[in-house]
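Participant:
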Amino acid sequence: MSDKNKVKPLVTPMRPKLGIFKFASCDGCQLSILNLEDDLLALGQALDIAYFPEASSDMREGPYDIALVEGSITTPEDAHRILSVREQATVLITIGACATAGGIQALRNWADVDAFKRAVYPSPQYIQSLSTSTAISEHVRVDFELWGCPIDKAQLLRVLTDLLAGVQPRLPTHSVCIECKRREIVCVMVAKGIPCLGPVTRTGCGAICPSMGRDCYGCFGPAEGMHEGPGLPPNTASLAKEFHQRLNLIPVEVLRRFRGINGAVKPFREESQAWERNEA
Amino acid sequence: MSESKETKTRTIAVDLIARVEGEGALRVTVKDGVVQDVELRIFEPPRFFEAFLVGRHYDEVPDIVARICGICPVAYQMSAVHALEQIFAVSVEGALRDLRRMIYCGEWIESHTLHVYMLHAPDFLGYASAIAMAKDHPEIVTRGLRLKKAGNALMTLLGGRSVHPVSVKVGGFSRVPLRRELEGLKEELLWARDAAVETVRWVAGFDYPDFAQDYTFVALRPPDEYPFNEGPILSSGGVKISAVEFEHHFREEQAPYSTALQCRLNGASYLVGPLARLNLNHDHLSPLGKLALADTRLSLPLCNPFHAIVARSVEILYAIEETLRIIDRYEPPPSPSVPVTVRAGTGMACTEAPRGILYHRYRVDGDGLIREAKIVPPTSQNQRRIEEDLRAYLPSVLDLSNEQAAMGCEKVIRCYDPCISCATHFLKLDIQRDR
Ligand code: SF4
Ligand code: SF4
Numbered sequence: 003m004s005d006k007n008k009v010k011p012l013v014t015p016m017r018p019k020l021g022i023f024k025f026a027s028c029d030g031c032q033l034s035i036l037n038l039e040d041d042l043l044a045l046g047q048a049l050d051i052a053y054f055p056e057a058s059s060d061m062r063e064g065p066y067d068i069a070l071v072e073g074s075i076t077t078p079e080d081a082h083r084i085l086s087v088r089e090q091a092t093v094l095i096t097i098g099a100c101a102t103a104g105g106i107q108a109l110r111n112w113a114d115v116d117a118f119k120r121a122v123y124p125s126p127q128y129i130q131s132l133s134t135s136t137a138i139s140e141h142v143r144v145d146f147e148l149w150g151c152p153i154d155k156a157q158l159l160r161v162l163t164d165l166l167a168g169v170q171p172r173l174p175t176h177s178v179c180i181e182c183k184r185r186e187i188v189c190v191m192v193a194k195g196i197p198c199l200g201p202v203t204r205t206g207c208g209a210i211c212p213s214m215g216r217d218c219y220g221c222f223g224p225a226e227g228m229h230e231g232p233g234l235p236p237n238t239a240s241l242a243k244e245f246h247q248r249l250n251l252i253p254v255e256v257l258r259r260f261r262g263i264n265g266a267v268k269p270f271r272e273e274s275q276a277w278e279r280n281e282a
Numbered sequence: 350m351s352e353s354k355e356t357k358t359r360t361i362a363v364d365l366i367a368r369v370e371g372e373g374a375l376r377v378t379v380k381d382g383v384v385q386d387v388e389l390r391i392f393e394p395p396r397f398f399e400a401f402l403v404g405r406h407y408d409e410v411p412d413i414v415a416r417i418c419g420i421c422p423v424a425y426q427m428s429a430v431h432a433l434e435q436i437f438a439v440s441v442e443g444a445l446r447d448l449r450r451m452i453y454c455g456e457w458i459e460s461h462t463l464h465v466y467m468l469h470a471p472d473f474l475g476y477a478s479a480i481a482m483a484k485d486h487p488e489i490v491t492r493g494l495r496l497k498k499a500g501n502a503l504m505t506l507l508g509g510r511s512v513h514p515v516s517v518k519v520g521g522f523s524r525v526p527l528r529r530e531l532e533g534l535k536e537e538l539l540w541a542r543d544a545a546v547e548t549v550r551w552v553a554g555f556d557y558p559d560f561a562q563d564y565t566f567v568a569l570r571p572p573d574e575y576p577f578n579e580g581p582i583l584s585s586g587g588v589k590i591s592a593v594e595f596e597h598h599f600r601e602e603q604a605p606y607s608t609a610l611q612c613r614l615n616g617a618s619y620l621v622g623p624l625a626r627l628n629l630n631h632d633h634l635s636p637l638g639k640l641a642l643a644d645t646r647l648s649l650p651l652c653n654p655f656h657a658i659v660a661r662s663v664e665i666l667y668a669i670e671e672t673l674r675i676i677d678r679y680e681p682p683p684s685p686s687v688p689v690t691v692r693a694g695t696g697m698a699c700t701e702a703p704r705g706i707l708y709h710r711y712r713v714d715g716d717g718l719i720r721e722a723k724i725v726p727p728t729s730q731n732q733r734r735i736e737e738d739l740r741a742y743l744p745s746v747l748d749l750s751n752e753q754a755a756m757g758c759e760k761v762i763r764c765y766d767p768c769i770s771c772a773t774h775f776l777k778l779d780i781q782r783d784r
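So the protein sequences, as listed, match chains P and C.
For the record, in the first sequence the residue sitting at position 195 is 197 according to this note's numbering, with numbers rising by one throughout.
For the record, in the second sequence the residue sitting at position 51 is 400 according to this note's numbering, with numbers rising by one throughout.
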């Protein structure tokens, strides 16, 4: 995790060329770009948006100074296409849980994809799909990862602004709990006994779920650098034990907590697998 | 794009349809001046939601299905919670029901405005994008962005955020707003209401191709309100059924020339979405909506797919007015949700996503775990109808260059605001992509 998110300062031309690419995803992160609203037109002035098929039929070829990549790799064709995106991009930034961690569709990684195909499609032989859904970083070098399902648009704006200014972008990696304390939100785990993933989840959303009276389900992926130090994974084991022993979750329920939107990313993946073994 | 000189066979292709959500392509073959195959191809990778929902707990469903589509997450959440509530015999009434309508209004405002201003209007005014359009028409694009933002603000207040809201649950919400929080939105919504009236007027002034089609419209049709979450399913052909009977009449089939699933009503194509909804429910518009519609001088039923942008704009206005009405009568409910007792069973529900009816069916066991899931999104229902429109449209552009013909076809497709991301179960196609 730690050597990623180090972008070589971009030697930017006057108006850097931006390309936005989509792989397997729900389009929510691209929508977050369109949701910039007040800043969207300014962004269109500061950057030359050369490739953004969702928003423009003017599609120009690379190279691109910055490529934003949404979505995970789930088909042989896409595994090939990402290579050409990488080739054309100076800085490649993944946006969202799909591109950064494999996304919700990575739940297939624990299943028999052929059985999935048969369950969903009448003619499964037409389906070309890999047996896994993987993060972009498993295929090509990634310069910066933006977490979230969806990303936080303010974080995106900040990263782009930093890049334009030739500054190394940095985003906080501490847990959602700190955000709860800052905002004086009553802890749903302490007050209501709801199993919350906030202690091991990366900040970025501003603790949306606890502010809405419910548990965090980990959509910003694993936090780092809390008690463990920068770049180190969060203590998922201790939280899982808490869920099991104090909140009475049975092992399969603990497993499901970790196997969600970001289930394929290492700390969460390993924790869910540990409870799969407990279950057996 | 290719044209073979030696034979009289001509292929018109759009390798990547722009300004739609998700990824799709179109291939048309013409032989001796006659249209042969029209294939709208969906190459959105399969994501298997219906498969991995199996084994999850029912209370996880709203968070999971929201991820099917970032553009209409509320629609997925609403169809899901209604189907699950049917199983548990839970009824959500009064203020909670109002809030559900309201968050859906937020999604309609946001999604419709995105399409009207950013994806569709550029076609009528001759721009590649709204950002390009902003150079000549800054005040219009700014109005669109502000209108869209009003929808987002509504979703954010009720759902925590506008993409993948977090508060929706079986039985209600995890948190409901205070009266004053809703009051705080009012001023902007009053501005938005005027902006929506202007939007209807603006789009009604566009130059529309003469292209009326013979559609079977399908929409929810509640007895006394414009549809969002409930109501029998009505077709202009006389079918009137409840969501429970959906699969008796609507079948997903595989066309012989295409591998994508297409839904048919008793074997034939049909149309869902704003045009269908407006044609079947215009009498439920409020007086202002009726006035704005009358002001366009278009006569009902609207049978031209290009007029969908007008229907969409009228629905933005409706959603804003409905929100204002709900704010005025809002009394916070005693609890943000009603209690739920788990029991085994099967439930079906249909709600009105911005792009048309969205059907969900779930089977749940006694532990509240999902045993089976079926989801039929609007784009799969409209797909067949889009192809038929293209078939009818193509003769009028066959004399043009391939490039211009392809551009025309793309415009027809964009009228539908197809949301290809909602590819819960489109088939993956093996196609060559020119990139
Ligand atoms: S509600 Fe969740 S995120 Fe907030 S302090 Fe409690 S455990 Fe942490
Ligand atoms: S609280 Fe957790 S699940 Fe909710 S938005 Fe934030 S990171 Fe995502």
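Every residue, glycine too, gets a C-beta built ideally from N, C-alpha and C.
Starting from P:HIS55, find everything on chain C with Cβ-Cβ shorter than 7 Å and list it in chain order.
Facilitator: In the sequence under discussion, the amino acid at residue 55 of chain P is Pro, which differs from the His named in the question. Result: LEU365, ALA367.
Participant: Residues in its own chain within less than 7 Å of C:PRO605 by CB, not counting five upstream and five downstream?
Facilitator: Caution is warranted here: a pLDDT of 49 is assigned to C:PRO605, below 50, making its placement in the model unreliable, and no coordinate value can be reported.
Participant: For C:VAL687 versus C:GLY520, is the C-beta spacing smaller than 8 Å?
Facilitator: Yes, Cβ-Cβ distance for C:VAL687 and C:GLY520 is below 8 Å.
Participant: Among the candidates P:LYS155, P:THR76, P:ARG88, whose CA atom is the shortest distance from the CA of P:VAL142?
Facilitator: Among P:LYS155, P:THR76, P:ARG88, the Cα nearest to that of P:VAL142 is on P:ARG88.
Participant: For P:ALA57, does the three-state DSSP call read helix, strand or coil?
Facilitator: Residue state, collapsed to three classes: coil.
Participant: Rounded to whole angstroms, what's the CA-CA distance from P:ARG62 to C:ILE676? Just pull it up for me.
Facilitator: Distance between the alpha carbons of P:ARG62 and C:ILE676 is about 46 Å.
Participant: Please classify C:HIS464 as buried or exposed, where buried requires at least 16 other C-beta atoms within 10 Å of its C-beta.
Facilitator: That one is buried.
Participant: To test your reading of the DSSP string, which unbroken alpha helix (DSSP H) runs of 4 or more residues are found completely within the segment 85–124 of chain P?
Facilitator: Runs found: 98–103, 115–122.
Participant: Taking 8 Å as the threshold (beta carbon to beta carbon), is P:ILE59 in contact with chain C?
Facilitator: The sequence as given places Ser at residue 59 of chain P; Ile does not occur at that position. Chain C contact via Cβ: present.
Participant: Do C:ALA429 and C:VAL414 have their CB atoms nearer than 8 Å?
Facilitator: For C:ALA429 and C:VAL414, yes; Cβs fall inside 8 Å.
Participant: Give a yes or no on whether the minimum CB-CB distance between P:THR163 and chain C is below 8 Å.
Facilitator: Not an interface residue.
Participant: Suppose only complete runs of 3+ residues qualify. What are the beta strand (DSSP E) ranges in the segment 118–189 of chain P, listed by chain order?
Facilitator: DSSP runs (the beta strand (DSSP E)) wholly in the segment 118–189 of chain P: 146–148.
Participant: Could you tell me whether the Cβ of P:SER213 comes closer than 8 Å to any Cβ of chain C?
Facilitator: Interface residue, yes.
Participant: Roughly how many whole angstroms lie between the Cα atoms of C:SER607 and C:GLU736?
Facilitator: A caution first: C:SER607 carries a pLDDT of 46, below 50, which makes its placement in the model too unreliable to give a value.
Participant: Enumerate, from N- to C-terminal direction, the unbroken alpha helix (DSSP H) stretches of 4 or more residues contained entirely within the segment 564–616 of chain C.
Facilitator: Correct list: 595–598.
Participant: Using DSSP with H/G/I as helix, E/B as strand and the rest coil, what is C:CYS454?
Facilitator: Three-state result, C:CYS454: helix.
Participant: Any heavy atom of ligand 3 inside 7 Å of the beta-carbon of P:ALA103?
Facilitator: For the structure depicted, ligand 3 is absent and the ligand set comprises only ligand 1 and ligand 2.
Participant: Quick check on C:SER467 - is its C-beta less than 8 Å from some C-beta in chain P?
Facilitator: Reading off the sequence, residue 467 of chain C comes out as Met, not Ser. At least one chain P Cβ lies under 8 Å of C:MET467.
Participant: By the three-class DSSP mapping on this structure, what secondary structure does P:SER4 have?
Facilitator: In this prediction, P:SER4 has a pLDDT of 41, which is less than 50 and means its spatial position is unreliable; nothing more can be read from the coordinates.
Participant: Which residues of chain C have a Cβ atom closer than 8 Å to the Cβ of P:ASP50, listed in chain order?
Facilitator: The premise fails here: P:ASP50 is roughly 11 Å from chain C at the closest Cβ pair, so nothing lies under 8 Å.
Participant: Residues with a Cβ closer than 6 Å to any heavy atom of ligand 2, in chain order?
Facilitator: Here the list is P:VAL178, P:THR203, P:CYS207, P:ALA209, P:ILE210, P:CYS211, P:CYS218, P:TYR219, P:GLY220, P:CYS221, P:PHE222, C:VAL515.
Participant: Could you please tell me which residues of the segment 515–533 of chain C, in chain order, have their CB closer than 7 Å to any CB of chain P?
Facilitator: Answer set for the segment 515–533 of chain C: VAL515, SER516, SER523, ARG524.
Participant: So which residues on chain P does C:GLU596 lean against when the C-beta distance must stay under 8 Å?
Facilitator: Correct list: empty, because the minimum Cβ distance to chain P is about 14 Å.
Participant: Measure from the alpha carbon of C:ALA585 to the alpha carbon of each residue in C:ASN578, C:ARG626, C:VAL549, then state which is nearest.
Facilitator: A small correction: the amino acid at residue 585 of chain C is Ser; Ala does not occupy that position in the sequence shown. Closest by alpha carbon: C:ARG626.
Participant: Nearest-angstrom Cα distance between C:LEU539 and C:ARG733?
Facilitator: Rounded to whole angstroms, C:LEU539 to C:ARG733 spans 39 Å at the Cα level.
Participant: Pull up the distance between the alpha-carbon of C:GLN442 and that of P:ALA156, whole angstroms please.
Facilitator: Gln is not the amino acid found at residue 442 of chain C; the sequence shown has Glu there. Whole-angstrom Cα-Cα distance: 36 Å.
Participant: Give the range of the beta strand (DSSP E) segment to which C:GLY441 is assigned.
Facilitator: For the sequence presented, residue 441 of chain C should be read as Val rather than Gly. Careful: C:VAL441 lies outside any beta strand (DSSP E) and carries neither H nor E.
Participant: In this structure, how does DSSP classify P:TYR66 when only helix, strand and coil are distinguished?
Facilitator: The answer is strand: DSSP assigns P:TYR66 an E or B state.
Participant: Which of the three DSSP states, helix, strand or coil, is assigned to C:HIS469?
Facilitator: Correct three-state label for C:HIS469: helix.
Participant: In the segment 568–588 of chain C, which residues sit with their C-beta less than 7 Å from some C-beta in chain B, listed in chain order?
Facilitator: The displayed structure is made up of protein chains P and C, and chain B is not among them.
Participant: Using alpha carbons as the reference points, say which of C:ASN501, C:GLU602, C:TYR708, C:GLY717 lies closest to C:HIS321.
Facilitator: As shown, chain C starts at 350 and ends at 784. That puts residue 321 of chain C outside it, with no answer to give.
Participant: I'd like to know whether the C-beta of P:GLN107 is nearer than 8 Å to at least one C-beta of chain C.
Facilitator: Output row for P:GLN107: interface = yes.
Participant: Three-state secondary structure (DSSP) at C:GLY382?
Facilitator: The answer is coil: DSSP assigns C:GLY382 none of H, G, I, E or B.
Participant: Can you check which of these residues, C:ARG678, C:LEU375, C:ASP412, is closest to C:LYS535 by C-alpha distance?
Facilitator: The option with the nearest alpha carbon to C:LYS535 is C:ARG678.
Participant: What is the rounded straight-line gap between the Cα of C:GLU670 and the Cα of P:LEU45?
Facilitator: Their backbone Cα atoms lie some 32 Å apart in a straight line.
Participant: Do P:PRO174 and P:THR205 have their C-beta atoms closer together than 8 Å?
Facilitator: Cβ distance < 8 Å, so P:PRO174 and P:THR205 count as in contact.
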